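One structure is given here, and the rest of the page talks about it.
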Amino acid sequence: MEKKIEEFAVEKFAFELPEVLVLPSFLNLSIRTDTGAVGSFKLRYKDDVKYQNRKIRGYITCNDYRFKFDLLTFSNNEVEVDYEFDGRGLEAGQEYNGNIHLITDCGEINIPYYISIKEAGIITGNDEINNIYQFISLAKNDFEQAVKIFYSDEFEKFILKDKEEEKLVRKGLLANKDKKRALEEFLCYTKSKQPVKITIDKTVYNYHISGVPIKDKIIIKKSGWGYFKADIITEGQFIKINKKELTDDLFENDICELEVVINPECVTVEKAYGKVIFHTVEEDICVELKLINTSVPPEKFSSNKKRFEYIKKLIEEYFSYRMGVSTVKNVTTTMRTALYGIGLSGKDSEIVDYVNIYLDLINKNEAQAKQELLKLNAGNLSPLFRLLHIYFEYRLAREEEKDGYRREVEKLINIKGYQVGLYFLIHMDGRYKLNLERRLEFIKELYNTNFHSAFLLMEAWSIYKSQPDYFNKLDPFAIQAVNWAVKHGYFMGKLVTEKFVVLANALREYNPLVLKLLKEVYKNWGVEEVAQAICAQLIRKNDIEEADHEWFRIGVRRGIKLTGIFELYMRTMKDDTDERIELSVYSYFLYDNTLSTSKKALLYSYLINNRNNPDFQDIYKEYLNRIKQFASEQLKKGEISTNLALVYKTVFKDSVFLNEHYAYLPLVIFKKKYICKNKNIQFLTVYNKGLMIGSSFKFINGVAFADVPGETSVVMVADKEGNLYPAENFCVPENLISYYDYLDGCYEAGNRSLMELLTVVAENDKYHRESKHLNEICEELLKNKTVTEEYKYFIRGKLLENYFAASEGEKLETVLNNYDFSKAGTKLAEQAANIAIIRNVYPLSLEALRIIDRNKVNAGKLAKVISSYIKDGDEIRRTENYSLIISLAYKLMTDKKADDEIMIFIRDNYEGGVTELDAIYKELNDRNLLTADFASRMIQQMLFSEEMAVDSDEIYKYYEQFNEEIINKAFLSYVSYKRLVRDMRLGKYFEKCIYEEAYKTQNTLFIITYLKILSEKKFLSDEEKDYIAVWVEKQVDDGIVLPFFKEFKNKCRLPAEVENLNFVMCYADNDDEVTINYRILSSTDVGDKDFIVECMRNVYQGIFVKEFLVFADEVIQYYISVKEKDEDDARIISSDKLVIKQDVLFEEALGLSLFSQINMMYVCKDLSDEKTLKEYMKNYVVQRGIIAEIFSDEAVNEEF
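Per UniProt numbering, the very first residue in the sequence shown carries number 1; after that it's consecutive.
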């Protein structure tokens, strides 16, 4: 810069500056709100060959602090500048524009920029995802890629943004073992899609197999897009499926054809049944496979089944006859029908024969029976039929022969081991035949020696029924006999029933069969004694179940007095029952209550709900202290249930009790009950806003109690495989206690649990519920190490909001001084930034200005921040934030809101284009804050870049007083040169200075420049005319004849050279070689004329001139070429023709120069103006004569 100024001071100028190209010449940026943009631009000479040894010198300025450049100054023949643009704090959808200023020694160059702000998003391939809708579209087309994005940190930042609930849901789902399942559940939870469902049109497949494997396909249809997986479970060894899982990728056009193979080797029966189950956590979809084995004759299976049914019918009819229920006629008819069915198969002839003989006997047709028996061969019979044969012979024999048959049976029993013969022996041995008591003992003995025959039980029950006195002990045999009777419908008769109930009551041990029998008896004979026996049995039972409650309820209502019945009545009662609890129960437990916690809670909660019932009012008063004592004990243990919650809410109404127990309330008031009927779900996990990890709770019998602070939590459930699901799809939540009214009391009682603290903040955030301890609680949470950093910034936001509203400046600044905007979310950062600026918490306010849109900041607040910066002694911080502050200061100035302090800061520090500096000058001048240093910097910049400010003459006027000779001389010389060769308009003060400098120094530049200024004036003063006459003549004498001198014609006296000659002029650098190629054409010429080549003379400062004496009928055609220094070739820069215009000639007065008169004669001749032509000719002759006389030899000799 100094070198250039020195050159200007000695009047060394360059007519034409090299043209500099900027690539690109325009910046069009589309940036994201979270980052910004990076790029570069280049500066080079347009003619980079010509100027390969010349460096581009200069520096970069920009009024937008968001731009950062790797170079601020440059000096090279080619310059590349890298830039960054910080988009943080800008709002999506807005547009910004401005200019980057390049101040170079080849001029000032503006690079316009246009910036559009778009929402930050996730780049995937050629697309950018900015919101949940675009993400859903991606998931629909590329689920795998969507999963990757879902598990990335960018998903929460760019897609969820400030959606806190969705963030918590995602946090819970990220722990899912199945990542695809996690995304699927998230999309369904946010209603972004419907769950994928499968349907099977055909749920039953029927097959006939005959030893050959069968292949088939189960057609499964899928609805909806997304992730799906189901376990494939098979029931039946004959089913073979190669797939273990059914997944969405197995579907083509939403249809899956699942191959199933039926293996006949695994089917050995007539019919087989199997299942294919598609198991998901939500449901099981079942497909049934039914097989008929055609490789086995169907009659084989059907005949066996019918044979069994017929034989069963025969036995039932035998029992019916023996128990005296059915008549001989009915038995005979039914048995013969069954025998007919058995006989059709051609098998089992023995059964048919021997049953027919039995029917003959009971119908007293002994002859027929004997005849039929003789036909049968007893030798090859099975043991049963051989014994039957002997028994029937016994029945038909004479008395003296019967003993032989008895001995034969005994022989078979003892020798052959035919145990079944014992049954026949009962009816053949005289010891048992007539003595029922002995027969009963014998039957018992047989039964106890493992001869467990239904026929023996039938015989026993027939004895009990006929002789109830024998039924005097309920031993295992008697119980089995009763069981047989009940099972076959023969348990009847009041005496035997009463006897059984009495014996059952007398039992000292629990017997499940007795209990079962008693229940059957109660159905038909519902007397109190039976109920008592049932309750007595249940009391002796070890594993009491809820299903037993109905009997205890009956017992209590009937007033049955049994030890433990009240305890078991409560123990088996469901905790969520609506059943009435009898008043007698309360009377009993008033004195001795050993119930479990849950049952006490049930007992007390029912009493509380019915305390206004007249029947319970008195007992409630007696129980009240017990209830409070119980509530106190359970509260301290942290126990909770639906019934306990009711108890707590009741005792909390007692202010004395409440005040004494506030410290324990947080153990229960945040509990929620979750009921889940899906057996696949095992755990429940609560994810709280603010906590790093979730809290898990196990489902017990489908119920879990979980701590849920406030409304800023999400609940997930997990299956046995560790897959997580939003709880709302599987659970029904139940709020137990409304915690809101107790929060402040708990805190004042000294409780500092996380549940307490988080809930207070959550309630304030969501419902704007005030707490007088909110600020203290927020400060407590900031100290807690288990609270996430993100939530701590949310807490800080609460504190800032509250402290600001309460004007607690010191506390506010304490929070702000520990604030890191980069770690806070967008809204929180903007909130803190606004407060930091409003309070001017310096230096945080500097960073705050980078976060928010400066156009939204009050000018007064900006001024305070700038003022703090100006006073800041930290040079590093000042340097880092200089571009931010200077741009904001300049904006305040342009908005007319900058005070003097800011204007002085701008004056001493701003660097920018001449236009911006000129605006600063005006403001400084108006405020009387202008300094020589600023004026000097501005003038030097104008000289360096050769760009002039609008108020350059005023600036020079101000600066001239400081007598900086070199700068003043350089500046005045430069503007004079520009006025001379570029016709640059100047202010009046500049014209005055040029005149004075010309007068004072008689400097040719200033003289000629002033003559140029005067040449453009329409009216000249006499003094100016004299000035022109003197100095034009002087310049002509010095060889400086310039075309604009002719502008003085007819205004003042001019040398003849100026009046008669015409000029062709060209501007170039002093060192250039300028050549004119011309030819003079007239009306008398015949044919083409060649061009004449001549060098144009550099008359002054690169003003090249060629003079011509041109007559009226002549035309000069020419073109000019310039050969620059160090260049080999010349370039044509202009071409034209020179003609004397008639209007110019007519302006000249008659009698002027002879040359002019000759030209006028040409014109008159062309116009056929004879009269005027004669006048010019006459005048020419007269004037020529006078001249000849004056300059004759005699006259000259006489004169000299």
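Using N, Cα and C, we set each Cβ at its ideal position, and we do this for glycine too.
A quick note: this is a predicted structure, and the numbers were derived from the prediction, not measured.
Go through its chain and collect everything with a Cβ distance to residue i's Cβ below 7 angstroms, but skip five positions before and after it.
i     : result
A833  : F821, A848, I851 and I852
V147  : K179, K180 and L183
T931  : R907
N1098 : N1070 and F1104
T104  : V20, I56, R57, G58 and S945
S1083 : D1113
G1185 : none
A397  : Y405
S753  : P666
Around the Cβ of residue i, are there at least 16 other Cβ atoms within 10 angstroms (buried) or fewer (exposed)?
i     : result
M458  : buried
M1    : exposed
R54   : exposed
E880  : exposed
H549  : buried
P24   : exposed
C1164 : buried
E728  : exposed
V10   : exposed
T35   : exposed
S137  : exposed
Is it the case that the Cβ atoms of residue i and residue j are separated by a distance below 8 angstroms?
i     : j     : result
Y604  : I581  : no
I920  : R907  : yes
V841  : E813  : yes
V204  : E288  : yes
V950  : D918  : yes
L174  : G226  : no
I955  : A935  : yes
K636  : Y664  : yes
V1041 : E1057 : yes
K671  : I640  : yes
I1080 : M1096 : no
K275  : G224  : no
E185  : P726  : yes
K1012 : F1044 : yes
Have a look at residue i and residue j and give me their C-alpha separation to the nearest angstrom.
i            : j     : result
E779         : A829  : 19 angstroms
C535         : F589  : 19 angstroms
Y1180        : F1048 : 24 angstroms
E80          : R927  : 40 angstroms
F1146        : P1055 : With a pLDDT of 48 at F1146, under the threshold of 50, the predicted position of this residue should be treated as unreliable, though the coordinate-derived value follows. The alpha-carbon atoms of F1146 and P1055 are separated by roughly 20 angstroms.
E734         : F705  : 9 angstroms
Y507         : M428  : Here residue 507 turns out to be Leu, not Tyr, going by the sequence shown. The straight-line gap from Cα to Cα measures roughly 36 angstroms.
D719         : N680  : 6 angstroms
S1021        : I1028 : 10 angstroms
D1126        : I1008 : 30 angstroms
residue 1286 : I565  : For residue 1286 there is no data in the structure shown, the boundaries of the chain being 1 and 1200.
G1151        : T1172 : The predicted model places G1151 with a pLDDT of 43, which falls under 50 and marks its position as unreliable, so this point remains unresolved.
Sorted by chain position, which residues of the same chain lie with C-beta nearer than 6 angstroms to residue i's C-beta, five sequence neighbours on each side aside?
i    : result
P112 : F26 and N99
R66  : F85 and D86
V717 : I681, L684, Y725, A727 and F730
First and last residue of the beta strand (DSSP E) that includes residue i?
i    : result
A706 : V703 to D707
A272 : K271 to H279
S75  : T73 to N76
F697 : S695 to K698
By the DSSP assignment, the alpha helix (DSSP H) with residue i in it spans what residues?
i     : result
V1110 : Where V1110 is concerned, there is no enclosing alpha helix (DSSP H), given that its DSSP letter is neither H nor E.
M942  : A932 to S945
V147  : F143 to F150
Is any beta-carbon of chain C found at less than 8 angstroms from that of residue i?
i    : result
R752 : The displayed structure is made up of one protein chain only, and chain C is not part of it.
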